[in-house]
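Take a look at the structure below.
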Amino acid sequence: MKTVDQLTELFRQQGLRVTPQRQAIFGLLHGDDRHPTVESLYEAAQARMPTISLKTVYQTVNDLAAMGEVVVLDLGTGSYRVDPNVEDEHHHLVCTRCGKVRDVPLDLPDVHLPARSRRGFTVSAVEINFRGLCDECAAQPA
Ligand SMILES: [Zn+2]
Ligand SMILES: [Zn+2]
764 MKTVDQLTEL FRQQGLRVTP QRQAIFGLLH GDDRHPTVES LYEAAQARMP TISLKTVYQT
824 VNDLAAMGEV VVLDLGTGSY RVDPNVEDEH HHLVCTRCGK VRDVPLDLPD VHLPARSRRG
884 FTVSAVEINF RGLCDECAAQ PA
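In the numbering used here, the protein residues as written are 764 to 905.
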């Protein structure tokens, strides 16, 4: 993901207003590989900037997603997850107990569906989620 300065520049080029609140969100997302939920981003942003609203966080994430700077994922953990890693193609490890998400760089041989199975679909992406327990959850009694 781009740095706060690069994103500020990009937003201005698109004619979008860049506020300190938005910059705080850029900073929180940059280098975060935990795939935060919008709610957890909001909490972290509020700690730095008590006046920030949940709406601003949603709006900023939506703008970033529309520009292709983050991807918003539904990995079945109950909340949308914001993924700032748009540079490296990757798949995900998902903890079914605590919802932890981690990137897995994985070079899979091209997965092709035979035409018969595609049912007329044009396939543009393949996503693989490895589900199970993370190390912390596995170490705890159920
Ligand atoms: Zn876990
Ligand atoms: Zn990811």
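Beta carbons: idealized from backbone N, C-alpha and C, even for Gly.
Is residue i buried or exposed, if buried means 16 or more other CB atoms sit within 10 Å of its CB?
i	result
residue 871	exposed
residue 846	buried
Roughly how many angstroms separate the alpha carbons of residue i and residue j, rounded to a whole number?
i	j	result
residue 774	residue 823	10 Å
residue 804	residue 767	15 Å
residue 881	residue 843	27 Å
residue 829	residue 777	11 Å
Could you give the residue range of the alpha helix (DSSP H) that holds residue i?
i	result
residue 870	Premise fails: residue 870 is in no alpha helix (DSSP H) and is neither H nor E.
residue 770	767-776
residue 760	Look at the range of the chain in this structure, 764 to 905, and you will see that residue 760 is not part of it.
On the DSSP letters alone, give me the boundaries of the beta strand (DSSP E) that residue i sits inside.
i	result
residue 886	First-last for residue 886: undefined, no H or E at that position.
residue 826	Note, residue 826: premise wrong, no beta strand (DSSP E); alpha helix (DSSP H) at 817-829.
residue 897	Residue 897 -> no beta strand (DSSP E), and no H or E assigned at all.
Using beta-carbon positions only, say whether residue i and residue j come within less than 9 Å of one another.
i	j	result
residue 798	residue 867	no
residue 812	residue 792	no
residue 916	residue 897	This structure does not reach residue 916, given that the chain is present from 764 up to 905, and the question cannot be answered.
residue 885	residue 862	no
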